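*Asks:* All letters in the sequence shown, in the order written, are residues 2 to 82 by my numbering.
C-beta atoms are modelled at their ideal positions from N, C-alpha and C, and glycine is treated no differently.
Note that the coordinates shown come from a computational prediction; the quantities given were computed from them, not determined experimentally.
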Amino acid sequence: MRNLRRHWNFCSVCLHPQRESIQTDFVNWEQVEVIVRRYGVCRSAVYRHAHGVGLFEQRQKNIRRALKKLCLERRGGKSKR
Ligand SMILES: [Zn+2]
Numbered sequence: 002m003r004n005l006r007r008h009w010n011f012c013s014v015c016l017h018p019q020r021e022s023i024q025t026d027f028v029n030w031e032q033v034e035v036i037v038r039r040y041g042v043c044r045s046a047v048y049r050h051a052h053g054v055g056l057f058e059q060r061q062k063n064i065r066r067a068l069k070k071l072c073l074e075r076r077g078g079k080s081k082r
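#1: Considering Cys72, what are the terminal residues of the alpha helix (DSSP H) in which it resides?
#2: Run the CB neighbour count on Lys70, radius 10 Å, all protein chains shown included, and call it buried at 16 or more, exposed below.
#3: Rounded to whole angstroms, what is the Cα-Cα separation between Gln59 and Gly41?
#4: I want to check one thing, is the minimum distance from the CB of Gly77 to the heavy atoms of ligand 1 below 6 Å?
Structure, rendered in structure tokens:
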């Protein structure tokens, strides 16, 4: 808990006004480079945040979406959310 509180106070993603969108994109397997460009956050901050609040576990549960996105990208189609 202490580490999580420290995380909240210093994490640029937690302090970002679009934090929820960043998290949603990450959990939905958006490429981190896209998240970095879209929200103007640092790549290392995205990974630190993901580790700090457990987004990797949520993303793993969302593997089906990732597979669909990958299949569509290989076919040259666009992924619909
Ligand atoms: Zn954070």
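*Replies:* With the given structure in hand:
#1: Along the sequence shown, one-based indexing puts residue 72 at 71. Note, Cys72: alpha helix (DSSP H), Ile64 to Arg76.
#2: Residue mapping note: residue 70 aligns to position 69 of the sequence shown, counting from 1. The residue is buried, with at least 16 neighbouring Cβ atoms inside 10 Å.
#3: On the sequence shown, position 58 is the one that residue 59 refers to. On the sequence shown, position 40 is the one that residue 41 refers to. Answer to the nearest angstrom: the Cα atoms are 23 Å apart.
#4: The count along the sequence shown starts at 1 and reaches residue 77 at position 76. False, no ligand heavy atom lies under 6 Å from that Cβ.
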